[in-house]
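First to last, the protein sequences are chains A and B. Numbering of the first sequence is given in the working numbering, commencing with residue 115 and proceeding in unit increments. Numbering of the second sequence is given in the working numbering, commencing with residue 2 and proceeding in unit increments. C-beta: ideal position from N, C-alpha, C; glycine also. What follows is a short report on a single structure.
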Amino acid sequence: MFEFLARFFGKPSSSATAKERLRLVLLSDHLSLAPDVVEALKHDLIEVISRYVDVDAANCDVTFEQQEKRVAMLANVPILAMRARPMPRRTTPRKPAGTAPQPAADAPANGVPRAPGRAKRKRRRQADPSAPATAGLSPA
Amino acid sequence: MQEMMAPEAPATSSIPRRRGRAIVVTSGKGGVGKTTTTANTGAALAAGGASVVLVDADVGLRNLDIVMGLEARVRHHVLDVLEGQATLDEALVTDKRVPSLRLLAAAQTREKDDVDTNAFRELIGALRDRFDFVLIDCPAGIEKGFANAIAGADEAIIVCTPEVAAVRDADRVVGLLGDERSVQLIVNRLRPAMVRKGKMLSVEDVNSILRLPLLGVIEDAPDVIVSTNRGEPVALDPASPVGAAYRRIAQRITGALSEPPAIPRERSFIEKLFGSHK
Ligand SMILES: Nc1ncnc2c1ncn2[C@@H]1O[C@H](COP(=O)(O)OP(=O)(O)OP(=O)(O)O)[C@@H](O)[C@H]1O
Ligand SMILES: [Mg+2]
Chain A
115 MFEFLARFFG KPSSSATAKE RLRLVLLSDH LSLAPDVVEA LKHDLIEVIS RYVDVDAANC
175 DVTFEQQEKR VAMLANVPIL AMRARPMPRR TTPRKPAGTA PQPAADAPAN GVPRAPGRAK
235 RKRRRQADPS APATAGLSPA
Chain B
2 MQEMMAPEAP ATSSIPRRRG RAIVVTSGKG GVGKTTTTAN TGAALAAGGA SVVLVDADVG
62 LRNLDIVMGL EARVRHHVLD VLEGQATLDE ALVTDKRVPS LRLLAAAQTR EKDDVDTNAF
122 RELIGALRDR FDFVLIDCPA GIEKGFANAI AGADEAIIVC TPEVAAVRDA DRVVGLLGDE
182 RSVQLIVNRL RPAMVRKGKM LSVEDVNSIL RLPLLGVIED APDVIVSTNR GEPVALDPAS
242 PVGAAYRRIA QRITGALSEP PAIPRERSFI EKLFGSHK
């Protein structure tokens with residue numbers, strides 16, 4: 115009833131706002147508390163991109179940023195040259211890779227494990243595989 | 002460690018060394034109700050027959066003696082014991098109402114960094130040998146005071162209010178407590194009417210984030226403030242519904258009650274009119 119009225123007037127309830135803010139802030143917290151995970155992600159990301167283009171691995175930068183309505187991953191991957199022969203892993207037809215330097219990739223940061231010391235804690239808890247931090251992110 | 006006295010609570014078995022349970026009450030965020038929870042849970046456990054010692058680990062900002070109404074009886078504090086100025090028995094204050102309840106006050110004029118973590122851990126161990134329950138009132142924050150307070154505890158109670166900052170800090174603290182401690186949740190200061198109107202996070206909202214076993218839910222209640230004014234734990238007031246909620250928390254801790262906590266609902270108009278607290 116109240117929810118309905120709130121929606122009617124175009125303003126979410128303050129508890130819904132609180133819930134959403136909490137979800138975003140925890141997602142950011144957990145990312146910043148898991149530098150090893152972010153490092154591994156960066157490594158894998160460079161590896162994938164390197165199959166198509168030569169990248170300046172030493173100057174790659176992956177950061178996470180809490181924006182108004184989502185947490186975004188920003189990857190800055192300087193590209194040195196096109197690969198003579200791209201080495202896609204999959205055999206399905208692919209769109210050709212862009213020739214210009216990649217703009218910052220902007221992808222939702224899903225599936226980030228909890229901060230160190232928390233991963234194992236899940237065992238003890240009720241079986242709920244989708245931690246709030248991993249809930250789907252709607253594009254803004 | 003200091004010299005020991007024979008346990009004053011009746012011996013429950015012939016085993017010479019009793020290993021009681023050490024439970025730290027913590028939250029990360031300040032002012033959410035750690036001290037209130039420690040005092041009332043401890044009072045309820047002791048009133049239920051257990052021997053209990055409350056340890057104020059909030060060195061520099063001592064509060065627990067006030068909430069318990071024992072401030073006039075405090076002669077020595079934790080640091081006196083750790084530094085050999087007083088024996089444990091000299092420092093333990095016996096409660097006015099429940100004889101199996103003791104308080105070990107914090108030092109008011111010292112700093113958290115003055116406390117040695119290992120010495121504090123040993124002290125908690127010594128208390129565990131003498132009491133069924135050692136309840137540790139943790140200071141806010143995650144610095145030295147927190148590290149000291151959790152050092153000797155093998156269990157933790159997280160106190161969290163239905164607010165974004167409190168849940169965020171609780172989440173952080175749960176991560177810091179690690180896997181070796183069993184951790185349970187008390188949601189404090191819930192206002193069911195506000196939850197119903199969508200103006201406050203619900204217990205379910207809070208625990209969908211923290212995902213801890215729920216030990217209890219305490220409403221935001223004038224009783225708590227009134228009893229704190231008087232220095233009489235509300236848990237000892239047989240007429241108070243909040244007191245009853247604390248007594249059920251104590252029973253869940255001892256295992257006497259297995260039923261999970263009910264989420265308080267808003268009282269109906271009729272109930273409010275007749276002051277019924279069912
Ligand atoms: N359920 C409640 N209903 C009403 N008031 C409450 C409740 N719980 C706590 N309070 C009040 O909130 C204030 C803070 O409580 P308390 O001192 O227990 O918090 P704390 O977490 O120990 O704070 P600190 O971090 O400063 O040590 C006190 O004035 C207390 O009376
Ligand atoms: Mg306190």
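Quiz item: Listed by chain order, which residues have C-beta atoms less than 5 Å from any heavy atom of ligand 2?
Solution: K35(B), T36(B), N64(B)
Quiz item: When the Cα atoms are used, what is the spatial distance from K183(A) to R137(A)?
Solution: 10 Å
Quiz item: So, is M201(A) buried or exposed, given that buried needs 16 or more other C-beta atoms within 10 angstroms?
Solution: exposed
Quiz item: For K133(A) and chain E, any beta-carbon pair shorter than 8 Å?
Solution: In the structure shown, chain E does not exist; the protein chains are A and B.
Quiz item: Per DSSP, what kind of secondary structure is E220(B) in: helix, strand or coil?
Solution: strand
Quiz item: Applying a beta-carbon distance threshold of less than 8 Å, which residues of chain B neighbour V130(A)?
Solution: Reading off the sequence shown, one finds Ala at residue 130(A), where the question assumed Val. Within 8 Å Cβ-Cβ: G199.
Exercise. Keeping to the same chain, check which residues put their C-beta closer than 6 Å to that of A130(A); ignore five residues upstream and five downstream.
Key: none
Exercise. Answer with buried or exposed for D57(B), where buried requires no fewer than 16 other C-beta atoms within 10 angstroms of its C-beta.
Key: buried
Practice problem: May I ask you to check if the CB of P140(B) is nearer than 7 Å to at least one heavy atom of ligand 1? | Solution: yes
Quiz item: Any chance the CB of A222(B) is under 7 Å from a heavy atom of ligand 1?
Solution: yes
Quiz prompt | Close beta carbons around H195(B), own chain, < 8 Å, minus the five adjacent residues each side | solution = Per the sequence shown, residue 195(B) should be read as Met rather than His. Result list for M195(B): M201, in chain order.
Self-check item: Interfacial residues, the stretch 141-163 of chain A to chain B, with Cβ spacing under 8 Å
Solution: D143, L147
Quiz item: Can you tell me whether DSSP reads S241(B) as helix, strand or coil?
Solution: coil
Quiz item: For L138(A) and chain B, any beta-carbon pair shorter than 8 Å?
Solution: no
Quiz item: Hey, does D155(B) have any beta-carbon neighbour from chain A nearer than 8 Å?
Solution: no
Quiz item: Given that a residue counts as buried once 16 or more other Cβ atoms are within 10 Å of its Cβ, and exposed if not, what is N189(B)?
Solution: buried
Quiz item: So does D170(B) have its beta carbon nearer than 7 Å to some heavy atom of ligand 1?
Solution: no
Practice problem: Please confirm if R173(B) has its CB atom under 8 Å from at least one CB of chain A. | Solution: yes
Practice problem: Scan the stretch 199-231 of chain B for residues whose Cβ lies nearer than 8 Å to a Cβ of chain A and list them as they occur along the chain. | Solution: G199, K200, M201, L202, S203, D206, S209, I210, R212, L213
Quiz prompt | Secondary structure of I143(B), DSSP reduced to three states | solution = coil
Exercise. Could you spell out the range, first to last residue, of the beta strand (DSSP E) harbouring R122(B)?
Key: Here R122(B) belongs to no beta strand (DSSP E); instead the alpha helix (DSSP H) covers 118-129.
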